[in-house]
Amino acid sequence: MTDFAERILRGDVRAIARAISWIENNRPEKESLIDELFPHCGNAQVWGITGPPGAGKSTLLDKIIELERGRQKKVAVIAVDPSSPFSGGAILGDRLRMQSHATDEGVFIRSMASRGHLGGVAQATCDAIKVLDAAGFDLIAVETIGVGQTEIEVVELSDLVLLVLVPGLGDEIQAMKAGVMEIGDIFVVNKMDRDGALKLKAEIEYVLGIQFADHPENMKPIVMTAASMNEGIDDLLTAIDGYVAKISQNGSLQDKRKSRLKSEIRQIFTQKVSAHVNRKYDFENRLDEWVDAVYRKKNGPYSLINEKLNLFLRECNWL
Amino acid sequence: MKKIIRILIAKPGLDGHDRGAKYVARALKDAGYEVIYTGIRQTPEAIVKTAIQEDVDFVGLSLLSGAHNELFPKVVRLLREQQAGDIIVFGGGVIPDVDIPQLKVSGIETVFTPGTPIADVIQFIEANRERVSQ
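For the protein sequence lines, the chains are A and B, in the order given.
Those letters in the first sequence? Residues 11 to 329, by the working numbering.
Those letters in the second sequence? Residues 1349 to 1482, by the working numbering.
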């Protein structure tokens, strides 16, 4: 085992932080590091926290950290914010709401820019979770960017997803739609002191009630909170504990983790194949020529690509 | 691919004047850097822990209350104690010219006083890019 990996296993903060940077910058060393750490992973619970911008995800997390620290758990947070599509820069401001834990040795907070990755998290999030898991954190909370309707990748990274909603974003038709509304394991109606909070709760109940009409025992919990006033957090943790106990007992936690690995392995494989083929084919250098041909309507995009790809695959004896 | 530089913009001390810090944070984002912003009234201890967890390349400290001679060097000292002396620390805010030489001696790389064009800050960061890219 390398010295660097050992430092991570010992919980050395500098090493953990540096490892996450390696992952973010896609340094070649990251692969062997992750493989070294991997046998030590699997002890942490991973919670995803998602919801629209301004729903109170960071503030809620701040209060959750407080209670979990009271239960002697070591907590790590990965807080994802969007990168600018123009400059590539980012303002990472989630930890502002959690700075009261900045000097607590049992809390590690890392802000992460999405760096062009869609889906509500960053490309690096998945491997960063492994580093934190191996480093001995009991709870790893992944806070997504503020999501709209389709950014659901967090579900592939976490054991459970808290979907944080607030009143005033639309009627029950919004709650019935596909996408983000489907990925919550626990629904949180935050800012419960505001008008419309009870109505929102009733709308979610209505929609979930239809979904689970035949299996009411699977009904998802809906918890009302006012995070900034520290209200309802106990109820939320009770709901989470209940959910975790349930998925641990009925085997769905194992299933989730296995399907997580499946999508991860698929993704790594696809990326590697695609990078390898692109390189071997010298794709970037041919791209302009193709664009030109398609732009001048000499070829349709499909016929051009099929023709070129077939030629290439034949050359490789893959056809 | 060029490494994306990470910068912590932090406000030690008790003043709540964060307009300058926010302006700089925003401008650095537009210049293509990842900027972590912690908000006002941070202790040097919290700033140093944050800088290490976030693995930043630079820490920019903004202070308008007059406690810079105390708090700026303390951040540098604590970083060095944590074997993180390679993180480059710069300052900004209402800092009298007469205090700047001593701040530099204590490890503050440079100080940007009111009226500094943002281009100067970006130029400073770019001039140190090699240093932080190892």
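For every residue, glycine included, the Cβ atom is placed at its ideal position computed from N, Cα and C.
Small disclaimer: the values here were computed from a predicted structure and weren't measured.
Going by other Cβ atoms of all chains shown within 10 Å of its Cβ, with 16 needed for buried, is residue i buried or exposed?
| i | result |
| --- | --- |
| Lys1350(B) | exposed |
| His111(A) | buried |
| Phe279(A) | exposed |
| Val164(A) | buried |
| Gly345(A) | The structure shown does not extend to residue 345(A), since chain A is modelled only from 11 to 329, so the question has no answer here. |
| Asp169(A) | buried |
| Lys1452(B) | exposed |
| Lys40(A) | buried |
| Pro1340(B) | The displayed coordinates of chain B run from 1349 to 1482. Any statement about residue 1340(B) would go beyond what the structure contains. |
| Phe48(A) | exposed |
| Tyr1381(B) | buried |
| Pro63(A) | exposed |
| Ser258(A) | exposed |
| Phe96(A) | exposed |
| Arg120(A) | buried |
Between the options, which lies nearest to residue i when the distance is taken from Cα to Cα?
| i | options | result |
| --- | --- | --- |
| Ala65(A) | Asn309(A), Gly156(A), Val233(A) and Gln259(A) | Gly156(A) |
| Leu101(A) | Asp1378(B), Val1407(B) and Pro1360(B) | The question names Leu, but residue 101(A) in the sequence shown is Ile. It is Asp1378(B) whose Cα lies nearest to the Cα of Ile101(A). |
| Gln1401(B) | Arg105(A), Gln82(A), Arg79(A) and Ala285(A) | Arg105(A) |
| Ser218(A) | Leu208(A), Ala207(A) and Ile232(A) | The question names Ser, yet the displayed sequence has Leu at residue 218(A). Of the candidates Leu208(A), Ala207(A) and Ile232(A), the one whose C-alpha sits nearest the C-alpha of Leu218(A) is Ile232(A). |
| Asp1468(B) | Asp1445(B), Leu1356(B), Lys1452(B) and Gly1439(B) | Gly1439(B) |
| Met234(A) | Leu210(A), Val171(A) and Gly99(A) | Leu210(A) |
| Glu46(A) | Leu314(A), Val164(A) and Glu16(A) | Glu16(A) |
| Leu263(A) | Thr113(A), Gly61(A), Val171(A) and Met108(A) | Val171(A) |
| Leu94(A) | Arg125(A), Arg324(A) and Ile44(A) | This sequence places Ser at residue 94(A); Leu is not what is there. Per the Cα distances, Arg125(A). |
| Gly98(A) | Ala1375(B), Gln1430(B), Ala1369(B) and Gly1364(B) | Ala1375(B) |
| Phe118(A) | Gly1387(B), Tyr1381(B), Thr1398(B) and Leu1356(B) | Thr1398(B) |
| Leu175(A) | Glu213(A), Ala138(A), Asp169(A) and Ile139(A) | Glu213(A) |
| Asp1434(B) | Ile1448(B), Lys1370(B), Val1396(B) and Gly1364(B) | Val1396(B) |
| Ile1355(B) | Trp300(A), Met122(A), Ile88(A) and Gln159(A) | Met122(A) |
| Met108(A) | Tyr1385(B), Arg1428(B), Leu1427(B) and Thr1458(B) | Tyr1385(B) |
| Pro1366(B) | Leu1409(B), Glu1474(B) and Thr1458(B) | The question names Pro, but residue 1366(B) in the sequence shown is Asp. Considering only alpha carbons, the answer is Leu1409(B). |
| Val287(A) | Ile275(A), Asn320(A), Lys266(A) and Leu314(A) | Asn320(A) |
| Val90(A) | Ala151(A), Ala27(A) and Ser42(A) | Ala151(A) |
| Gly158(A) | Asp143(A), Gly189(A) and Gly103(A) | Gly189(A) |
| Ile196(A) | Leu208(A), Glu215(A) and Arg204(A) | Glu215(A) |
Assuming residue i contacts residue j under a Cβ cut-off of 8 Å, what Cβ separation, rounded to an integer in Å, is found between them?
| i | j | result |
| --- | --- | --- |
| Gly116(A) | Lys84(A) | 5 Å |
| Val1407(B) | Val1437(B) | 5 Å |
| Ile59(A) | Val141(A) | With a Cβ gap of about 19 Å, Ile59(A) and Val141(A) do not count as contacting. |
| Gly206(A) | Gly180(A) | Their Cβ separation, rounded to whole angstroms, is 10 Å, which puts Gly206(A) and Gly180(A) out of contact at 8 Å. |
| Leu71(A) | Leu247(A) | The pair is not a contact, with the Cβ atoms about 12 Å apart (cut-off 8 Å). |
| Val87(A) | Glu153(A) | 7 Å |
| Val1480(B) | Asp1405(B) | 4 Å |
Are the C-beta atoms of residue i and some chain A residue less than 8 Å apart?
| i | result |
| --- | --- |
| Asp1378(B) | yes |
| Gly1439(B) | no |
| Glu1478(B) | no |
| Asp1434(B) | no |
| Lys1351(B) | yes |
| Ala1369(B) | no |
| Gly1364(B) | no |
| Val1383(B) | yes |
| Gly1543(B) | Since the displayed chain B opens at 1349 and closes at 1482, residue 1543(B) lies outside it and no answer follows. |
| Gln1401(B) | yes |
| Gln1390(B) | yes |
| Thr1398(B) | yes |
| Gln1471(B) | no |
Would residue i count as contacting chain B if we go by Cβ distances under 8 Å?
| i | result |
| --- | --- |
| Ala54(A) | no |
| Leu71(A) | no |
| Ser284(A) | no |
| Phe293(A) | no |
| Ile30(A) | yes |
| Ser168(A) | no |
| Phe279(A) | no |
| Gly99(A) | yes |
| Gly126(A) | no |
| Phe197(A) | no |
| Arg105(A) | yes |
| Asn288(A) | no |
| Phe118(A) | yes |
| Ser121(A) | yes |
| Val157(A) | no |
| Thr135(A) | no |
Any heavy atom of the ligand FAD inside 7 Å of the beta-carbon of residue i?
| i | result |
| --- | --- |
| Val87(A) | What this structure holds is no ligand at all, so the ligand FAD is not there to describe. |
Cβ closer than 9 Å: which chain D residues qualify as neighbours of residue i?
| i | result |
| --- | --- |
| Arg1374(B) | Although the question refers to chain D, the structure presented lacks it and instead comprises the protein chains A and B. |
**Prompt:** Three or more beta-carbon pairs under 8 Å between the region 141–161 of chain A and the region 47–61 of chain A, yes or no?
**Reply:** yes
**Message:** I want to know whether the region 1351–1362 of chain B touches the region 1402–1422 of chain B - three or more CB-CB distances under 8 Å.
**Reply:** yes
**Message:** With a threshold of 8 Å, are at least 3 pairs of Cβ atoms found where one atom belongs to the region 1443–1454 of chain B and the other to the region 1387–1403 of chain B?
**Reply:** no
**Prompt:** Is the number of C-beta pairs between the region 30–49 of chain A and the region 126–145 of chain A that are closer than 8 Å three or more?
**Reply:** yes
**Message:** Below 8 Å, how does it come out for the region 195–204 of chain A and the region 234–254 of chain A: are there three or more Cβ pairs, yes or no?
**Reply:** yes
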